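Notes follow once the structure below has been shown.
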Amino acid sequence: MGKKFLIDTNAVLYILNGDEILAELLNGEKLYISIISEMELLSYKNITAKEMQQIKSFLSAFVIVNIDDAIRDQTIETKKNSFLKLPDSIIAATAIVLDLPLITSDKQFKTVKELKLVTYEV
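Position 17 of the sequence shown, counted from 1, bears residue number 17 in UniProt numbering, the numbering being contiguous throughout.
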């Protein structure tokens, strides 16, 4: 197993929509996802049963990280010191607490100085 990464919701969507470059880059790596991203992915309106099953199947390869006390406390600090919305603050805090690089295309994460960021642009 290679490197470990926390994957933001948008990066997961790129892969699910056929981004072979990102999929190949992450092949063989240990991948984590916040429970927030899981909820975002599974709560899209008009999602079909087939799409729901595809997402669940895809996410089974990830370690899904729940919010614990450390992530909660870091989220509060991150939210107070950045312009991120609460869901993104939770995702950033998860990466900080677990000391994992966050793969995202969301430039707003650059406002969090403690975050190890891997920006992916299509």
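Yeah, the Cβ is synthetic: ideal placement off N, Cα and C, and Gly gets one too.
Just so we're clear, the structure is a prediction, and the values are computed from it rather than from any experiment.
Proximity of residue i and residue j at Cβ, strictly below 9 Å
i, j, result
"V112", "I71", "no"
"T9", "I36", "yes"
"N58", "L26", "The residue you asked about is not Asn; residue 58 is Phe in the sequence shown. No, they are not a contact pair."
"L31", "Y120", "no"
"L13", "Q54", "no"
"D88", "Q74", "no"
Assumed close pair residue i, residue j - CB separation to whole angstroms, cut-off 8 Å
i, j, result
"V122", "S105", "7 Å"
"residue 126", "K3", "No answer is possible for residue 126: it lies beyond the span of the chain, which begins at 1 and ends at 122."
"A93", "K116", "Their Cβ separation, rounded to whole angstroms, is 13 Å, which puts A93 and K116 out of contact at 8 Å."
"I64", "I103", "That belief does not hold up - the Cβ atoms of I64 and I103 are roughly 16 Å apart, past 8 Å."
Residue nearest to residue i in terms of C-alpha spacing, selected from the options
i, options, result
"E40", "L86, K107, T78", "L86"
"E114", "D19, P101, Y120", "P101"
"D68", "I91, K107, K116", "I91"
"A61", "S82, Q108, E38", "E38"
Cross-strand partners of residue i (DSSP beta bridge)
i, result
"I33", "I64"
"K3", "Answer by DSSP bridge pairing: none, since K3 is not bridged."
"V97", "Answer by DSSP bridge pairing: none, since V97 is not bridged."
"T104", "T119"
Proximity test, Cβ basis, 9 Å: residue i and chain B
i, result
"D68", "Looking for chain B here will not work: only one protein chain is present."
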